[in-house]
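Report on the structure given below.
2 protein chains.
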Amino acid sequence: MADNLPEGLSERLRFDGAGLIAAVIQDAENDQVLMMGYMNDVALARTLSTGRVWFWSRSRQEYWRKGDTSGHIQLVRSVELDCDGDCVLVRAVQVGAACHTGKRSCFESGGPLAAVVGQAE
Amino acid sequence: MADNLPEGLSERLRFDGAGLIAAVIQDAENDQVLMMGYMNDVALARTLSTGRVWFWSRSRQEYWRKGDTSGHIQLVRSVELDCDGDCVLVRAVQVGAACHTGKRSCFESGGPLAAVVGQAE
Chain Z
32 MADNLPEGLS ERLRFDGAGL IAAVIQDAEN DQVLMMGYMN DVALARTLST GRVWFWSRSR
92 QEYWRKGDTS GHIQLVRSVE LDCDGDCVLV RAVQVGAACH TGKRSCFESG GPLAAVVGQA
152 E
Chain P
32 MADNLPEGLS ERLRFDGAGL IAAVIQDAEN DQVLMMGYMN DVALARTLST GRVWFWSRSR
92 QEYWRKGDTS GHIQLVRSVE LDCDGDCVLV RAVQVGAACH TGKRSCFESG GPLAAVVGQA
152 E
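Chains as they are written, first to last, in my numbering: chain Z, 32 to 152; chain P, 32 to 152.
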């Protein structure tokens, strides 16, 4: 397990004031967006080097390897950085539910908001 | 266009210290994750009420209706809130490229990072 980022990567990242980037987790099997979390440099380095998804928990202020308590692990398939370096997209095989509520996705858990559907002008 | 959130919604949102939540934009036609941005309460209210995706630009400190300068608009299909109220998933029809670089997705633009693929234990 590496706690340091690969050579040259940190220059491409744009961490926020708390030293974090966003991480979107997408189901590699059906493309469902499962959850969003945050990573600092160490959590990203561990995600890239271990095959498991690591976050920095803002509420608990600690590292969090997804699934360690729930068993609902996320196995990394790929990690992509966005154009401005402040977000990664992790495609992962999700074992069980991604959400702590037991729903497959955290967005199923919060649910839909009433929204006007856009029409081309 | 409404600048106020629907009754009862703001109590479900957990804005960060800058008054923002994250917004993941997913292509409603092929499920590709296109980009991630941030919304404040007004940007979310406008997204829900106009059929177009609005962000708050952290770098420019201004509202940003996606596509106004590029023509690459995002037409809202659905908006879902996550379990802890700090992120929305917007499914949208993307006209043209989501990324300012001309790539369809901001994650194609940044590209893949070398990552160990996870294996079930």
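For glycine and all other residues, C-beta sits at the position ideal for the given N, C-alpha and C.
- Under the 8 angstroms criterion on CB atoms, residue 82 of chain Z is classed as interfacial with respect to chain P.
- By the neighbour-count criterion, in which a residue is buried when 16 or more other Cβ atoms sit within 10 angstroms of its Cβ, residue 45 of chain P is exposed.
- Residue contact with chain Z for residue 57 of chain P: present (Cβ-Cβ distance below 8 angstroms to some residue of chain Z).
- In this model, residue 129 of chain P and residue 73 of chain Z are separated by some 29 angstroms (Cα to Cα).
- Residue 140 of chain Z is classed as buried because its beta carbon has at least 16 other beta carbons within 10 Å across all chains shown.
- With a cutoff of 8 angstroms on beta-carbon distance, residue 108 of chain Z and residue 122 of chain Z are scored as near each other.
- Contact between the segment 76-94 of chain Z and the segment 132-152 of chain P is established, with three or more Cβ pairs separated by less than 8 angstroms.
- Exposure of residue 133 of chain P is indicated by the presence of fewer than 16 other C-beta atoms within 10 angstroms of its C-beta.
- The segment 35-43 of chain Z makes no contact with the segment 95-111 of chain Z: fewer than 3 CB pairs, one atom from each, lie closer than 8 angstroms.
- At least one beta carbon of chain P lies nearer than 8 angstroms to the beta carbon of residue 138 of chain Z.
- In this structure, the straight-line span from the alpha carbon of residue 69 of chain P to that of residue 50 of chain P is close to 10 angstroms.
- Judged by beta-carbon spacing, residue 53 of chain P lies within the 8 angstroms limit of residue 67 of chain Z, meaning their Cβ atoms are closer than that value.
- Residue 96 of chain P: not part of any alpha helix (DSSP H); member of the beta strand (DSSP E) spanning 93-96, first to last residue.
- The alpha carbon of residue 106 of chain P has as its nearest neighbour, out of P/127, P/115 and P/87, the alpha carbon of P/127.
- Burial state of residue 78 of chain Z is buried, judged by a 10 Å Cβ sphere holding 16 or more other Cβ atoms.
- According to the DSSP assignment, residue 110 of chain P belongs to the beta strand (DSSP E) that extends over 105-112.
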